[in-house]
Structures are given as C-alpha cells and as structure tokens.
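> I'd like to ask you about the structure that follows.
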Ligand code: GDP
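Residue numbers (mature numbering (1 follows the signal peptide of the UniProt record, and there is no 0)): 122 to 323.
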C-alpha cells in the first residue's frame, strides 16, 4: 500500500458540493492540533497538500484529495479549538454532521485522537455520535512517539490509549478498529494504508 499520487480536487462547503465521481472515501477529523496536517504530510510526502487545508478560508471547508486516482482522502475541519468563536464551533457541527450523514461513498471516518494526553470529552462525544449514527470509524491515535511528560500527567501514550478504548467500550458492541501512529517516526503509516486498502475492497 503506497501513495503514488495525490491530487487536490476541490474544497466544498457542504455535502452536495462534494465530487460526484463515486470513489470510495476516508475522512480525517479530530481536534485542532491533534496532528492532522503532520499525518497527511507523512502519508502523502507532499507538504503543500496539508498546507492547503491550513490556508485561511480553507480550514472550514471539506477538502477532497484524490489518491492514486482511485480513492479520496478527505480533510475535514478540526473541532474543539478553544479559541474559535462559538459560531464557528457550531458551524463545524452543522456541516460536518451533514457530510457524515449524507455521504454515501464514505467508507470510514478516520478519527484522530492525541495519544499524548488523557481522553478528552469532546473526542469521546464524537466517537459516541458516530456510533449512534452507525457511521464506521477507525480511531487513529497520533503522537505515539511522545515520551511521558510531567505536564501530560506523567502518562505514556499506551496508558492514554487504553483509557480511551475503555471509555468507548460501553458505546460499541465491538471496539472499532484502531491504529497507533507517529508522524515523527512514521509508526503506523503502512498499517493505516493497508487498513484503508482492505476496507476499500470489502
Ligand atoms: P493539526 O492542527 O491537527 O493539523 O496539527 P499539526 O499537524 O499542525 O500538529 C500540531 C502539533 O503537534 C505540532 O507542534 C506538531 O509538531 C505536533 N505533532 C504532530 N504530529 C506529531 C507526532 O507524531 N509526534 C509528535 N511528537 N508531535 C507531533
């Protein structure tokens, strides 16, 4: 599983504006600062791709990238940025939820969760919402290279991950697939691409 080409296709402000080609797609979402742009860079080897999504004005849009001419990697706005005006936080809910609920070609949400901090309520809420709405999710833990630090409560990524998975257990009959990644060491990159390849042919 290798990414040979990645082409930016378009930015959309709602589901009805998204591309219609019907390629299977995987949507990246997570709290601001979770490491989404770093992961996109690590996956795709092209800095300008992830930067597109950081340009002012593009951050609140649904960005479609065509990978290997066969599937879409979709970059969705980050959520839970404490400094964002309430209006923007509400908007995230409205149009992102619309996208999740309507998008027929969505194979799985790739929900990024920061493994260097303890479970965050907003991430647990997001997993819960996706589960209740029967939207398939893959949990992608980021920053798994981070050593335990005092300021993170002295906990290792593995401990935060175990806590997170324990806390979502009551929400699911079966724990969703999850993968440990690091954009610093490229940990999990191959596994994530293999997982995507596998889901595409199901
Ligand atoms: P985004 O806001 O979700 O796009 O997050 P960024 O990709 O901009 O990353 C946010 C911060 O986390 C930056 O300071 C990155 O250097 C750091 N970061 C991202 N990925 C990793 C990782 O895998 N390991 C470590 N140690 N730091 C990371």
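From the three backbone atoms N, C-alpha and C, an ideal C-beta is built for every residue, glycine too.
#1: Rounded to a whole number of angstroms, what is the C-alpha to C-alpha distance between residue 191 and residue 132?
#2: Would residue 158 be called buried (16 or more neighbouring beta carbons within 10 Å of its own) or exposed?
#3: Taking C-alpha atoms, which residue in 252, 276, 302 lies nearest to residue 294?
#4: Where do the N-terminal and C-terminal ends of the beta strand (DSSP E) with residue 127 fall, by residue?
#5: With burial defined as no fewer than 16 other Cβ atoms inside 10 Å of the residue's Cβ, what is the status of residue 198: buried or exposed?
#6: From what residue to what residue does the alpha helix (DSSP H) around residue 266 run?
#7: Please confirm whether any heavy atom of the ligand GDP lies closer than 6 Å to the CB of residue 155.
#8: How is residue 249 classed by DSSP in three states: helix, strand or coil?
#9: Would the stretch 226-235 count as touching the stretch 134-148 if we require 3 or more Cβ pairs under 8 Å?
#10: With 16 as the cutoff for other CB atoms within 10 Å, does residue 184 come out buried or exposed?
Quick look at the numbers:
#1: Computed Cα separation, rounded: 18 Å.
#2: Per the 10 Å Cβ criterion, buried.
#3: The option with the nearest alpha carbon to residue 294 is 252.
#4: Secondary structure note for residue 127: its beta strand (DSSP E) is the uninterrupted segment 127-133.
#5: Flag for residue 198 reads buried.
#6: Premise fails: residue 266 is in no alpha helix (DSSP H) and is neither H nor E.
#7: For residue 155, the shortest separation between its Cβ and any heavy atom of the ligand GDP lies below 6 Å.
#8: DSSP places residue 249 in helix when its eight states are reduced to three.
#9: The answer is yes - the stretch 134-148 touches the stretch 226-235, with three or more Cβ pairs under 8 Å.
#10: Residue burial annotation: residue 184 is buried, with at least 16 other C-beta atoms found within 10 angstroms of its C-beta.
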